[in-house]
Structure formats: C-alpha cells, structure tokens
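Enquirer: The structure's right below; bear with me while I get my questions together.
Numbering (UniProt numbering), first residue to last: 1 to 229.
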C-alpha cells in the first residue's frame, strides 16, 4: 500500500526494528509502538514512551514498567518480543472513550475477483481498561457501533469522517486486490486520531466475523455473510 500515492498519507512511518533505529524513533516521536511483523491479533505489541533522563516507560498488555538506560531498555524490550521480526511506528494518538483507546474494523468485500469492492460493515473496538491494544478478546474490551463510539469519544470528528474512512478502506482494498487477485474479503483495522484523521493499522485477509456478531444490530453481519456466498 505504501506505493499507492493516495494511501501514503494514511500509513504511519514504519521501519524494521534495530536498536539504532529504535532510538531514532524515540528522539523523533517520544512515543512509539513496536509490533510483530505480520500482525497477530494484538499479541506482542509494545508501547514505549520517553520519560526523560534516559528513563523509559514500557507498556505491554496491561503491564507497565519504567526502565533506566538505553541498553537496559533494549534488553527488556527484546525479552518481550515474539519470535518474529518487529516493526517500529510512531504512536498514533487514537481517539479514546473514558481514557480507553478504540479503533475500527472495516469489512471490505467483493463477489468475484473482477467485482467492485464494497464496504459491508464497520464496528468500533474499545480496549479493555489498562490495555494499549484494542483486540477485544485479548484486552477484554468491547465492541460499539462506529457512530456511537465517535460520538462518545474525544475525537474532533469532521462531518465527512465516515465518508473518508470508507474512501480509505476502498482504496486500500483496491491496492491489495491488485496484489492478491483472488482476495474477496479484507478486514481493515483503522485508527482515528484525536484530530479526526484516519490511519491504516493492519489488513486481515482472514478476518473473524465475531466482532460483527457481538453487535445488537445484525445488519452488517447478515450482509457480510451474504457477500461470502
């Protein structure tokens, strides 16, 4: 997606983890995320915050720890890694509801490899108390209708936010569909920062439908199932 001119502005700056690169990111952004390459349902994600005087707050799962010194911090962070390469990204200041971050799962589907992509559902994922990840099962969070989440959040949402989310999701699906021609369904995770800007977090090629089954209104779930047939 990084090669897609329109999408480039919605992708956080991403580089492969290395100690020198880690400190470049810390100096540039102060708050960063370390993520296992290829995703993993929120598993293994680490948030690192520069607290000054070579003291760093490491937040993994619902556990927080202050580590002193760069060498100690690198050693501790690497001890938390899952057995795969890690990526570095600046922390997206996600919108929050009562202090808890949320992001959005957008389901984009097409009937055949030659059909037009359609947004068939979206839902907000609210992190559980104390967690940095929004994965509902892992953080013991909850789902909310998207419009409800935006209304309850601290996001300064522009009037066209939903239209922009839809446009970004369809552009991402179009780019991914060209790279993977047999792809018919994508679960896109998008974040919205406090200024109302969408960010692409992750693309899931085998998305679970459990999030949509949790919604009281089953319209999206039925629509998604119908598109899969």
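Glycine included, each C-beta is placed from N, C-alpha and C at the ideal position. Source: prediction; values computed, not measured.
Throw me the rounded Cβ distance for the residue 96 and residue 154 pair, which I believe falls under 8 Å.
Expert: Position 96 of the chain shown, counted from the start, is the residue given in the question as residue 96. Position 154 of the chain shown, counted from the start, is the residue given in the question as residue 154. Yes, residue 96 and residue 154 are in contact; Cβ-Cβ is about 5 Å, under 8 Å.
Enquirer: With DSSP run on the structure shown, which of helix, strand or coil describes residue 73?
Expert: Locating residue 73 in the chain shown gives position 73, counting from the first residue. Looking at residue 73 - three-state DSSP - the assignment turns out to be helix.
Enquirer: How far does the beta strand (DSSP E) with residue 163 in it reach, from first residue to last?
Expert: Here residue 163 corresponds to residue number 163 of the chain shown, with the count starting at 1. Looking at the DSSP string, residue 163 is not in any beta strand (DSSP E); the run it does join, the alpha helix (DSSP H), is 161-179.
Enquirer: If the criterion is Cβ atoms closer than 7 Å, does the pair residue 63 and residue 80 meet it?
Expert: In the chain shown, the residue the question calls residue 63 occupies position 63. In the chain shown, the residue the question calls residue 80 occupies position 80. Their beta carbons are not under 7 Å apart, which means residue 63 does not touch residue 80 by this criterion.
Enquirer: Could you check if residue 198 is buried or exposed, using at least 16 other CB atoms within 10 Å of its CB as the buried criterion?
Expert: Translated into the one-based positions of the chain shown, residue 198 becomes position 198. The residue in question, residue 198, is buried, as its Cβ has 16 or more Cβ neighbours within 10 Å.
Enquirer: For residue 4, which beta-bridge partners are listed by DSSP?
Expert: Taking the chain shown and counting its residues from 1, one reaches residue 4 at position 4. DSSP output for residue 4 lists no bridge partner at all.
Enquirer: Compute the beta-carbon to beta-carbon distance between residue 54 and residue 68, rounded to the nearest angstrom, for a pair I have assumed lies under 8 Å.
Expert: As a position in the chain shown, residue 54 is number 54, starting the count at 1. As a position in the chain shown, residue 68 is number 68, starting the count at 1. Going by Cβ atoms, the distance from residue 54 to residue 68 rounds to 6 Å, so yes, they are a contact pair.
Enquirer: Measure how close the beta-carbons of residue 121 and residue 224 come, nearest whole angstrom, since I'm counting them as under 8 Å.
Expert: As a working note, residue 121 is residue 121 in the chain shown. As a working note, residue 224 is residue 224 in the chain shown. Right, their Cβ atoms sit about 5 Å apart.
Enquirer: Tell me, please, whether the stretch 204-222 touches the stretch 113-129 by the rule of three or more beta-carbon pairs shorter than 8 Å.
Expert: Yes, they touch.
Enquirer: Rounded to the nearest angstrom, what separates residue 191 and residue 128 at their Cα positions?
Expert: Indexing the chain shown from 1 puts residue 191 at position 191. Indexing the chain shown from 1 puts residue 128 at position 128. Computed Cα separation, rounded: 16 Å.
Enquirer: Taking the alpha carbon of residue 36 as the reference point, which residue from 87, 148 and 176 has its own alpha carbon closest?
Expert: Working through the chain shown from its first residue, we reach residue 36 at position 36. Ranking the options by Cα distance to residue 36, first place goes to 87.
Enquirer: When the Cα atoms are used, what is the spatial distance from residue 171 to residue 18?
Expert: Indexing the chain shown from 1 puts residue 171 at position 171. Indexing the chain shown from 1 puts residue 18 at position 18. Going from the Cα of residue 171 to the Cα of residue 18 covers about 31 Å.
Enquirer: Do you know offhand how far residue 113's Cα is from residue 65's?
Expert: Reading the chain shown from its first residue, position 113 is the one you call residue 113. Reading the chain shown from its first residue, position 65 is the one you call residue 65. Taking the straight line joining both Cα atoms gives about 48 Å.
Enquirer: Can you tell me whether residue 147 is buried or exposed? The criterion is at least 16 other CB atoms within 10 Å of its CB, across all chains shown.
Expert: Position 147 of the chain shown, counted from the first residue, corresponds to residue 147. Classification of residue 147: exposed, given that the 10 Å Cβ count is below 16.
Enquirer: Looking at residue 117 and residue 173, is the spacing between their C-beta atoms short of 7 Å?
Expert: Translated into the one-based positions of the chain shown, residue 173 becomes position 173. Translated into the one-based positions of the chain shown, residue 117 becomes position 117. Taking 7 Å as the Cβ cut-off, residue 173 and residue 117 qualify as a contacting pair.
Enquirer: Taking the alpha carbon of residue 109 as the reference point, which residue from 139, 29, 22 and 187 has its own alpha carbon closest?
Expert: The residue you call residue 109 lines up with position 109 of the chain shown. If we check each option's Cα against that of residue 109, 187 comes out closest.
Enquirer: The alpha helix (DSSP H) with residue 155 in it runs from where to where?
Expert: Start at 1 with the first residue of the chain shown, and residue 155 comes out as number 155. First-last for residue 155: undefined, no H or E at that position.
Enquirer: To the nearest angstrom, report how far apart residue 130 and residue 115 are at their CA atoms.
Expert: Translated into the one-based positions of the chain shown, residue 130 becomes position 130. Translated into the one-based positions of the chain shown, residue 115 becomes position 115. If you take the alpha carbons of residue 130 and residue 115, they lie about 42 Å apart.
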